[in-house]
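Just so you know, we're using this note's numbering here: the sequence shown kicks off at 264 and counts up by one.
Taking it in order: structure first as structure tokens, then the write-up.
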Amino acid sequence: MIEDNKTQKRKIERVYLTEANINKLKGLDKETKYFDTKRAGLFVRVAIQKLDKDLNDISNKSWGYAYRPKGMKPRSIFLGNCKTISRAAAVHRLKQLESSIYNDEDPILERERRKKEFTLDELIQFWYANKLNVNNGYKPKTIASIKNTFKVWIYQETHKPGFGSYFTYSIKGKKISSITADEIKNMYDAVRKKSGYVANRLISYLKIVFNYAIENEILEKTPIKIKKKSMFVELEANKILTEEERQNILNLVFVKDKRSNTINFSHYIKNKLDVVMALAIAWVILTGRRSRTEGFSITKDMINWEYKTLYLKDSKTGEKTYKIPEMAFDLLKTIARSRNLTITYPGKKYKSKITADRITPTPWAVVDERSNYFFPSKFYGKSSKTPHVTEVKSTWKRVLKLCRIKYLPLKQARHTMATLVYKKSKNLKAVQELLGHSKITTSMRYTKALSDDVNAAINSVDVDNQTQQAEILVFKK
Numbered sequence: 264m265i266e267d268n269k270t271q272k273r274k275i276e277r278v279y280l281t282e283a284n285i286n287k288l289k290g291l292d293k294e295t296k297y298f299d300t301k302r303a304g305l306f307v308r309v310a311i312q313k314l315d316k317d318l319n320d321i322s323n324k325s326w327g328y329a330y331r332p333k334g335m336k337p338r339s340i341f342l343g344n345c346k347t348i349s350r351a352a353a354v355h356r357l358k359q360l361e362s363s364i365y366n367d368e369d370p371i372l373e374r375e376r377r378k379k380e381f382t383l384d385e386l387i388q389f390w391y392a393n394k395l396n397v398n399n400g401y402k403p404k405t406i407a408s409i410k411n412t413f414k415v416w417i418y419q420e421t422h423k424p425g426f427g428s429y430f431t432y433s434i435k436g437k438k439i440s441s442i443t444a445d446e447i448k449n450m451y452d453a454v455r456k457k458s459g460y461v462a463n464r465l466i467s468y469l470k471i472v473f474n475y476a477i478e479n480e481i482l483e484k485t486p487i488k489i490k491k492k493s494m495f496v497e498l499e500a501n502k503i504l505t506e507e508e509r510q511n512i513l514n515l516v517f518v519k520d521k522r523s524n525t526i527n528f529s530h531y532i533k534n535k536l537d538v539v540m541a542l543a544i545a546w547v548i549l550t551g552r553r554s555r556t557e558g559f560s561i562t563k564d565m566i567n568w569e570y571k572t573l574y575l576k577d578s579k580t581g582e583k584t585y586k587i588p589e590m591a592f593d594l595l596k597t598i599a600r601s602r603n604l605t606i607t608y609p610g611k612k613y614k615s616k617i618t619a620d621r622i623t624p625t626p627w628a629v630v631d632e633r634s635n636y637f638f639p640s641k642f643y644g645k646s647s648k649t650p651h652v653t654e655v656k657s658t659w660k661r662v663l664k665l666c667r668i669k670y671l672p673l674k675q676a677r678h679t680m681a682t683l684v685y686k687k688s689k690n691l692k693a694v695q696e697l698l699g700h701s702k703i704t705t706s707m708r709y710t711k712a713l714s715d716d717v718n719a720a721i722n723s724v725d726v727d728n729q730t731q732q733a734e735i736l737v738f739k740k
């Protein structure tokens with residue numbers, strides 16, 4: 264316990280603080296300090312006595328050490344109650360304090376530093392204000408992802424049912440130097456029960472924040488000590504579509520009227536498919552573009568109709584221009600030609616009667632900002648703030664069901680495109696350009712196609728060996 268000097272005047276006496284002399288000390292009408300005549304800084308404090316208590320009650324007397332911290336007014340430190348520790352024990356504690364002070368570990372200065380030190384909450388807000396912005400290379404979607412992760416798992420601000428069971432305790436208000444590796448590990452384990460991927464992301468983001476604090480000399484070392492081998496293993500999805508499966512899906516999601524060369528809306532009605540979502544799926548399959556950041560959000564002004572290219576001002580890997588494959592370019596032209604058509608939904612049988620046909624404009628015949636998007640959202644202004652499609656999972660599941668294909672994420676269509684390109688060209692540079700990877704090492708995963716060719720070659724060698732063995736002549740003895 265550390266005490267500040269009070270502004271009120273105290274009586275100061277000097278006496279050799281033996282146990283016999285301490286027993287003789289009596290409380291006065293003011294708190295009194297008796298300083299030792301032989302040990303500098305050592306004193307006994309006698310608290311103000313209450314009239315109904317024994318004036319010589321030893322529990323009212325305590326050992327203390329007075330000194331002046333560097334650059335501060337004189338302060339005193341509590342060493343222990345005279346009833347529980349002897350003079351020798353008090354002197355021993357005093358020596359330990361003097362040693363700490365000599366080694367720049369002054370407890371009072373440490374307390375003052377702690378007062379000014381960031382809590383985890385304050386450090387995160389400091390990092391938000393000074394580092395987490397587009398000027399430092401963070402993309403808007405990345406910023407949103409980081410803030411949402413911290414909002415849920417550090418600030419515990421979510422209305423989603425069931426999340427409360429994962430919030431076993433909070434460290435957002437703790438001073439950053441007092442956060443321990445065990446506390447970080449316990450938090451990681453709690454989040455991992457919900458999602459291993461999210462737990463890994465949380466630790467990754469916290470590492471960035473703590474390293475920023477170290478770089479700015481706010482913190483000496485990171486409390487994150489979780490070893491990679493003990494973290495959740497993120498298995499990469501390697502399953503891809505076969506060429507036949509890919510073609511069957513395209514035959515379902517992109518269908519034109521042969522006479523007018525426009526979208527065959529009756530096909531989508533018959534198969535109970537959302538036409539915009541189905542065409543968005545077709546675009547991803549035909550181009551290999553990332554669905555959310557490079558696929559669903561494309562607009563007319565991103566397309567160069569003369570050179571058949573797609574310009575992305577801000578993709579995951581920065582500014583990019585991609586060549587649009589012929590069939591994908593035909594898809595965009597088909598959407599443009601179909602804009603002003605109408606859709607006829609056939610009447611349904613209701614109580615032995617057939618209702619009249621329902622005629623509606625196409626999803627592209629809108630007068631708001633959605634008109635500039637190839638894949639506009641029908642929920643914009645209602646349950647969605649985004650003018651374009653952001654999720655096609657329900658339609659994708661139905662497409663796979665109709666094609667009798669076991670479920671796999673839509674992003675595997677991108678991997679399928681890349682694998683097919685590599686298998687036919689054996690050109691990793693072509694795969695890198697197609698997918699927009701900043702490093703060619705990222706594209707190397709698609710060399711799996713080469714492994715298939717190697718296996719085929721090995722099998723052919725085995726066949727050749729068997730043939731050669733059959734032709735060996737056996738000489739009679």
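All C-beta atoms in this analysis are idealised placements derived from N, C-alpha and C, irrespective of residue type, glycine included.
All figures in this text were calculated on a predicted structure; none of them were measured in a lab.
Nearest to residue i (by Cα), restricted to the options the options
i: ALA392; options: GLU380, LYS379 and LYS410; result: LYS410
i: ARG308; options: VAL496, SER441, LEU342 and TYR418; result: LEU342
i: ASP520; options: LEU513, SER529 and TRP390; result: SER529
i: VAL461; options: PHE413, ASP593 and GLN388; result: PHE413
i: TYR416; options: SER440, THR431 and THR300; result: The amino acid occupying residue 416 in the given sequence is Trp; Tyr does not appear at that position. The residue with the shortest Cα to Cα distance from TRP416 is THR431.
i: LEU594; options: THR443, ASN511, LEU542 and CYS345; result: LEU542
i: PRO626; options: THR618, ASP620, TYR636 and ILE617; result: TYR636
i: GLY459; options: ALA444, GLU446, PHE495 and TYR570; result: PHE495
i: GLY334; options: GLU480, ASN344 and ASP369; result: ASP369
i: GLU632; options: ILE622, THR649 and THR623; result: THR649
i: SER554; options: VAL655, VAL472 and THR618; result: VAL655
i: LEU465; options: ILE487, ALA599, ASN396 and THR605; result: ILE487
i: TRP326; options: LYS336, GLU282, SER363 and ASP367; result: GLU282
i: ASN238; options: ALA353, LEU360, THR682 and LEU665; result: Any answer about residue 238 is impossible in this case: the structure gives the chain only from 264 up to 740.
i: ILE364; options: ILE340, ILE406, ILE442 and LYS689; result: ILE340
Spatial neighbours of residue i in its chain, beta-carbon cut-off 6 Å, leaving aside the 5 residues before and after
i: GLY558; result: TRP546, VAL547 and ARG552
i: ASN479; result: none
Three-state secondary structure assigned by DSSP to residue i
i: GLY551; result: coil
i: LEU536; result: coil
i: ASN722; result: The predicted model places ASN722 with a pLDDT of 46, which falls under 50 and marks its position as unreliable, so this point remains unresolved.
i: PRO650; result: coil
i: GLU380; result: coil
i: LEU386; result: helix
i: LYS395; result: Position check: residue 395 holds Leu in this sequence, whereas Lys was assumed. Note: LEU395 maps to coil in three-state DSSP.
i: ASN479; result: coil
i: VAL472; result: helix
i: PHE642; result: coil
i: ILE409; result: helix
i: ASP620; result: coil
i: VAL454; result: helix
i: ASN366; result: coil
i: ASN463; result: helix
i: TRP627; result: coil
i: THR556; result: helix
i: VAL278; result: strand
i: LEU342; result: strand
Check whether residue i and residue j have beta carbons under 7 Å apart
i: TYR429; j: LYS402; result: no
i: SER634; j: THR525; result: no
i: TYR439; j: PHE381; result: It should be noted that the sequence gives Ile, not Tyr, for residue 439. Cβ distance < 7 Å, so ILE439 and PHE381 count as in contact.
i: PHE638; j: VAL539; result: yes
i: PRO332; j: ILE285; result: no
i: THR572; j: LYS563; result: no
i: GLU508; j: ILE622; result: no
i: SER640; j: VAL630; result: no
i: LYS448; j: ILE489; result: yes
i: ASN527; j: VAL518; result: yes
i: ILE544; j: TRP390; result: no
i: ILE387; j: VAL454; result: no
i: THR605; j: PRO624; result: yes
Anticipated Cβ contact below 8 Å, residue i with residue j, distance rounded
i: MET590; j: LEU575; result: At roughly 20 Å, the Cβ-Cβ gap does not stay under 8 Å, so MET590 and LEU575 are not in contact.
i: VAL662; j: ILE512; result: 6 Å
i: LEU383; j: LYS437; result: 6 Å
i: THR505; j: LYS404; result: The Cβ separation is near 32 Å, so there is no contact.
i: SER420; j: ASN463; result: The question names Ser, yet the displayed sequence has Glu at residue 420. About 21 Å; that fails the 8 Å criterion.
Nonlocal neighbours in the same chain, by C-beta distance under 8 Å from residue i, ignoring five residues either side
i: GLU276; result: THR295, LYS296, TYR297 and PHE298
i: LEU357; result: ARG302, GLY304, LEU305, TYR328 and LEU342
i: ASP620; result: THR607, TYR608, PRO609 and GLY610
Residues near residue i in its chain [Cβ-Cβ closer than 7 Å; skip 5 each side]
i: PRO588; result: LEU549 and THR550
i: HIS678; result: ILE503
i: LYS394; result: TYR475
i: ASN603; result: ALA628
i: LEU288; result: TYR297, VAL307, VAL309 and LYS324
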